[in-house]
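Data block below; observations after.
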Amino acid sequence: MRVQVLSDLHLEIALRADRPKPVPDGADSPLRVADDADLVVLAGDILSAARPDLMRWLGNVARAADRPFVYVPGNHEFYGCEYHEALENLYRFFSGTPIYVLHDEALVMNGVRFLGTTLWSDFAAGVDAAAGETRADAMAVANRYLNDSRRISIDTPQGRVPFDAAQALEKHVEARYFLETMLTQPFDGKTVVITHHAPCIDASMHPGYPLGLSTGGFASELSHLLPDADVWIWGHTHANVDIRHNQTRLLSNQAGYPGEAVPGGFDALKTIDI
């Protein structure tokens, strides 16, 4: 199976709602489907689920491409929405299209198992315990510099609250349980894990940002799970890699924000064989 890998197109920024214009098509389209791709993986931060225009456009792209898309939401998919409503929007708009939204879910297609989850973060990466730093410090930093708590809300038994680092940690625990459970189940075929947040530190670090308390907002250290996957795809870091960790291929192909030069380069038509 030949799989095209994309993430972090950030159409919600490139095509802002307050500056309406048609989405370019043809060679200028922000999402071009490779002719030889059997399936397209979207590893999050493609659009906001608060934007019906962009979801309709993406559904039409998938229909025209006439091949399956596996779509794992990133944090930006939830921007402008309540957490559960964002997921409902994605499922509803892509129902009846070739787009499969995976949120802590598995999908088997042509003998390949895809495990998809946003993953979020555990905020432990980059914490220097020897220097007296704690996970709580990293979470406080994330609440200051990440927009998630300002752009996403979530309904809880106590009412609607900001989706802050504490909420993200809860979702990370759920996602981690999903991955650990699925990856221990035997499967007669290849397994591709798709997360938006990165599953390890060393391979995913942006060269412009040193290891520190802010690292925890982008990656978690789940290296013990890597050997159970044949391929692990992620986004979110705006730094691209395509390397091997023993027998596991680690891959990200992120476009980044408009005008951003993403380290590692972005290939709009990148495909891999699985």
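Under full-length UniProt numbering, the first residue of the sequence shown carries the number 1, and numbering increases by one thereafter.
Beta carbons: idealized from backbone N, C-alpha and C, even for Gly.
Backbone CA spacing between residue i and residue j [nearest angstrom]
{"i": "P30", "j": "L9", "result": "7 Å"}
{"i": "P52", "j": "H76", "result": "14 Å"}
{"i": "T271", "j": "C200", "result": "22 Å"}
{"i": "M139", "j": "A261", "result": "28 Å"}
{"i": "A106", "j": "G159", "result": "30 Å"}
{"i": "E82", "j": "T184", "result": "32 Å"}
{"i": "L54", "j": "A86", "result": "13 Å"}
{"i": "R113", "j": "L102", "result": "12 Å"}
{"i": "D164", "j": "A219", "result": "16 Å"}
{"i": "G44", "j": "T181", "result": "22 Å"}
{"i": "T215", "j": "A131", "result": "16 Å"}
{"i": "I13", "j": "G256", "result": "10 Å"}
{"i": "A268", "j": "P207", "result": "22 Å"}
{"i": "G189", "j": "D228", "result": "12 Å"}
{"i": "V161", "j": "H84", "result": "12 Å"}
{"i": "A142", "j": "F93", "result": "31 Å"}
{"i": "Y177", "j": "E221", "result": "14 Å"}
{"i": "G264", "j": "V241", "result": "6 Å"}
{"i": "G59", "j": "S149", "result": "28 Å"}
{"i": "residue 276", "j": "M1", "result": "No statement about residue 276 is possible, as the shown extent of the chain runs from 1 to 274 and does not include it."}
{"i": "V33", "j": "L47", "result": "17 Å"}
{"i": "I35", "j": "P157", "result": "In the sequence on display, residue 35 carries Asp and not Ile. Looking at the two C-alpha atoms, the distance is approximately 48 Å."}
Nearest neighbour of residue i, chosen from the options [CA to CA]
{"i": "V5", "options": "E85, D38, D35, L42", "result": "L42"}
{"i": "V231", "options": "L251, D122, H224", "result": "L251"}
{"i": "N110", "options": "T191, I233, D122, T97", "result": "T191"}
{"i": "R244", "options": "T237, I233, H238, D35", "result": "I233"}
{"i": "R151", "options": "F78, F266, V61", "result": "F78"}
{"i": "A136", "options": "Q167, G116, D35", "result": "Q167"}
{"i": "residue 288", "options": "L225, A268, T195", "result": "The structure shown has nothing for residue 288, since the chain only spans 1 to 274."}
{"i": "T118", "options": "D273, D35, A37, E170", "result": "E170"}
{"i": "V61", "options": "L39, L222, A229", "result": "L39"}
{"i": "Q254", "options": "H197, I99, N246, A229", "result": "H197"}
{"i": "R67", "options": "V173, G96, R92, G80", "result": "G96"}
{"i": "H224", "options": "Q247, Y91, M1", "result": "Q247"}
{"i": "I217", "options": "A65, Y145, A50, R2", "result": "This sequence places Gly at residue 217; Ile is not what is there. It is Y145."}
{"i": "F266", "options": "D273, A49, A239", "result": "A239"}
{"i": "A65", "options": "Y91, A203, A37, L47", "result": "A37"}
{"i": "W57", "options": "L90, D35, L211", "result": "L90"}
{"i": "V193", "options": "P157, T237, I274, E133", "result": "I274"}
{"i": "T134", "options": "G259, L226, G212, T237", "result": "G212"}
{"i": "A175", "options": "W120, P98, A49, V108", "result": "W120"}
Neighbour-count burial assignment, residue i, 16 or more Cβ in a 10 Å radius
{"i": "N147", "result": "exposed"}
{"i": "G73", "result": "According to the sequence displayed, residue 73 carries Pro and not Gly. Under this definition P73 is a buried residue."}
{"i": "residue 285", "result": "Because the chain is modelled from 1 through 274, residue 285 falls outside the range shown and cannot be assessed."}
{"i": "E88", "result": "exposed"}
{"i": "Y71", "result": "buried"}
{"i": "R63", "result": "exposed"}
{"i": "A129", "result": "exposed"}
{"i": "D122", "result": "buried"}
{"i": "G116", "result": "buried"}
{"i": "V3", "result": "buried"}
{"i": "D202", "result": "exposed"}
Terminal residues of the alpha helix (DSSP H) in which residue i lies
{"i": "residue 281", "result": "Outside the modelled stretch of the chain, which goes from 1 to 274, sits residue 281, for which no answer is possible."}
{"i": "R92", "result": "83-94"}
{"i": "I201", "result": "Unbroken run through I201: none, as it is neither H nor E."}
Span of the beta strand (DSSP E) around residue i
{"i": "I272", "result": "271-273"}
{"i": "A106", "result": "105-109"}
{"i": "I233", "result": "231-233"}
{"i": "residue 280", "result": "There is simply no residue 280 to check, as the chain begins at 1 and stops at 274 in what is shown."}
{"i": "H243", "result": "As written in the sequence, residue 243 is Ile, which differs from the His given in the question. Unbroken beta strand (DSSP E) run through I243: 241-245."}
{"i": "L11", "result": "Careful: L11 lies outside any beta strand (DSSP E), inside the alpha helix (DSSP H) at 11-14."}
{"i": "R249", "result": "248-252"}
Please list the segments of the alpha helix (DSSP H) lying wholly inside the segment 143-170, counting only runs of 4 or more residues, in order along the chain.
148-151
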